[in-house]
Amino acid sequence: MHSGKQRYTSKLFGLEVVTTLFAILFVVPFYFLVSNSFKSFREILLDAASWPKAFTVDNFKNSWEIIDFPKVAFNSFLITILSVLFIVLLSSMLAYRLVRRPTQFNQFIFVVLVAAMIIPFQSIMLQMVKVTALLELHGTLYGMVFCYIGFGLPMAVFLFHGFIKSVPIEIEEAAIMDGCSPYGVFFRIVLPLVKPIAGTVIILNVLWIWNDYLLPALIIGSNSDLKTIPLAVQSFFGQYTKKWDLAMATLTMSVIPIIVFFLALQRHIVEGVAQGAIKG
Numbered sequence: 089m090h091s092g093k094q095r096y097t098s099k100l101f102g103l104e105v106v107t108t109l110f111a112i113l114f115v116v117p118f119y120f121l122v123s124n125s126f127k128s129f130r131e132i133l134l135d136a137a138s139w140p141k142a143f144t145v146d147n148f149k150n151s152w153e154i155i156d157f158p159k160v161a162f163n164s165f166l167i168t169i170l171s172v173l174f175i176v177l178l179s180s181m182l183a184y185r186l187v188r189r190p191t192q193f194n195q196f197i198f199v200v201l202v203a204a205m206i207i208p209f210q211s212i213m214l215q216m217v218k219v220t221a222l223l224e225l226h227g228t229l230y231g232m233v234f235c236y237i238g239f240g241l242p243m244a245v246f247l248f249h250g251f252i253k254s255v256p257i258e259i260e261e262a263a264i265m266d267g268c269s270p271y272g273v274f275f276r277i278v279l280p281l282v283k284p285i286a287g288t289v290i291i292l293n294v295l296w297i298w299n300d301y302l303l304p305a306l307i308i309g310s311n312s313d314l315k316t317i318p319l320a321v322q323s324f325f326g327q328y329t330k331k332w333d334l335a336m337a338t339l340t341m342s343v344i345p346i347i348v349f350f351l352a353l354q355r356h357i358v359e360g361v362a363q364g365a366i367k368g
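Printed below as a string of C-alpha cells:
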C-alpha cells in the first residue's frame, strides 16, 4: 500500500515539474514584454533582461496617442461582442434543431458543418473577399461580424450538438405539457442547461476574434475607422520598427484586455471547460 502511494506521489511530482517548466516557458516572454515596456529606449539597449531601474509611463502615453488606442479598442470590443453573441445564439438554436429533429436533411446539414471545420481558411479567403465585395459588406462592421459568424458557427454547432444530446428530452416534454411554447422550452429550459458548453464556446471565440489579424486585414482593408487592435499594432510596427520602448508598450496594452477577461471569468472558464468535457 505504501509503495503504491509512493509511486503516485512520484508521478504527481513529475507532472508538477513538467507543468512548472511549461509555465515558465510562457511567463518568460511576458516578463520581457512588460518589463521593457516601462524602460527607456536606452535602457532596453543596455540590458533588456533586467527589471526597470526607473519606471516610465511615457511609452504608454505616446503609444496610446499614436495608435488611437481608445478607438481601436472600441472597434475590437464591438466586433468581438457582436460576433460572439450571434455565434452562441445561432449555433445553440441550430444544434437544438438538429438534435431534436433528426431528419435526413438535418443530418446532411450537420455533416456539412462538420466538414466545414476541416477546410483551411487560406483556401477560401480569396473567394470570401469576392463574396463580401459582391454583397457590399467589404470594409464594413457588418461584413466583419458576418464573416466571423460564418467561420465560428461550425465548431460551435458541433460542441452544442454533442452537449444537447445529453439533455433528457423528458424535461422538455414536461414543459410543453405545462403550456410552454417551443421557443420557451429552448430559452427557459435548454439554454440554461447548456451554459457550461456555452461558456466554452464564448472563451474560444473571444480569444480567436480578439487576437485575429488576417480576417480584419482582408475585410476591413484600408478603412481606418474600423481598425482593430491587431491591425493597429501591425501598422504601428510598420512605422516604428526600431522604437522598442514604444513597441513593447503597445503590445502590453494590446494583451491587457484579454488578460482582464480571463482573470475576471477564471472560475467560470474552469467550470465551463470541466463540465463541458464531462458532458461531452
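FYI, in this note's numbering the residues of the sequence shown are 89 to 368.
The C-beta atom is built at its ideal place from N, Cα and C for all residues, glycine as well.
All values reported here derive from a predicted model rather than from experimental measurement.
Query, Result
"Under a three-way DSSP split, which group does residue 336 fall into?", "helix"
"Could you tell me the distance, in whole angstroms, from the CA atom of residue 192 to the CA atom of residue 248?", "19 Å"
"Report the CB separation of residue 53 from residue 320 in whole angstroms; it is logged as a contact under 8 Å.", "Limits of the chain in this structure are 89 at one end and 368 at the other, which puts residue 53 out of reach."
"Need the endpoints of the alpha helix (DSSP H) that residue 213 sits in, please.", "213–222"
"Grab me the residues of residue 122's own chain with a C-beta within less than 7 Å of its C-beta, minus the 5 sequence neighbours each way, in chain order.", "340"
"Below 6 Å CB to CB, which residues in the same chain sit around residue 231 once its five sequence neighbours on both sides are set aside?", "220, 225, 307"
"Given a cut-off of 7 Å, decide if residue 252 and residue 263 are closer than it, judged by their beta-carbon atoms.", "no"
"Under the rule that 16 or more other beta-carbon atoms within 10 Å means buried, what is residue 259, buried or exposed?", "exposed"
"Could you check what DSSP says for residue 305 in three-state terms: helix, strand or coil?", "helix"
"DSSP three-state label for residue 128, please.", "coil"
"For the alpha helix (DSSP H) holding residue 158, just list the boundary residues, first then last.", "157–188"
"By Cβ distance below 7 Å, which residues in the same chain neighbour residue 316 in space, the five residues on each side in sequence not counted?", "160, 163, 164, 167, 304"
"Nearest by alpha-carbon distance to residue 324: which of 124, 115, 300, 153 is it?", "153"
"Would you check if the region 136–151 and the region 193–209 touch, i.e. whether three or more CB-CB distances between them fall below 8 Å?", "no"
"When the Cα of residue 312 is compared with those of 228, 188, 113, 109, which residue comes out closest?", "228"
"For residue 238, is the classification buried or exposed, using 16 other Cβ atoms within 10 angstroms of its Cβ as the cut-off for buried?", "exposed"
"Would you call residue 99 buried or exposed, if buried means 16 or more other Cβ atoms sit within 10 Å of its Cβ?", "exposed"
"For residue 333, is the classification buried or exposed, using 16 other Cβ atoms within 10 angstroms of its Cβ as the cut-off for buried?", "buried"
"Which residues in the same chain as residue 185 place their Cβ atom closer than 8 Å to its Cβ, once the five residues preceding and following it in sequence are excluded?", "194"
"Taking residue 257 as the reference, give the member of 104, 187, 200, 137 with the closest Cα.", "187"
"Whole-angstrom Cβ separation of residue 344 and residue 171, contact assumed at under 8 Å?", "In fact, because the Cβ distance is near 21 Å, the residues do not count as touching under 8 Å."
"Does residue 240 pass the burial test, meaning 16 or more other C-beta atoms within 10 Å, or should it be called exposed?", "buried"
"So, is residue 243 buried or exposed, given that buried needs 16 or more other C-beta atoms within 10 angstroms?", "buried"
"For residue 169, I'd like the list of residues in its chain whose CB is within less than 6 Å of its CB, leaving aside the five on either flank, ordered along the chain.", "none"
"Under three-state DSSP, which class holds residue 226?", "coil"
"Are the beta-carbon atoms of residue 337 and residue 148 separated by less than 7 Å?", "yes"
"Does the distance from the C-beta atom of residue 281 to that of residue 255 stay below 7 Å?", "yes"
"Measure the Cβ-Cβ separation of residue 175 and residue 299 and say whether it is below 7 Å.", "no"
"Kindly list the residues whose CB is nearer than 7 Å to the CB of residue 213, restricted to its own chain and excluding five residues on each side of it in sequence; keep chain order.", "306"
"Considering only their Cβ atoms, is the gap separating residue 136 from residue 124 smaller than 7 Å?", "yes"
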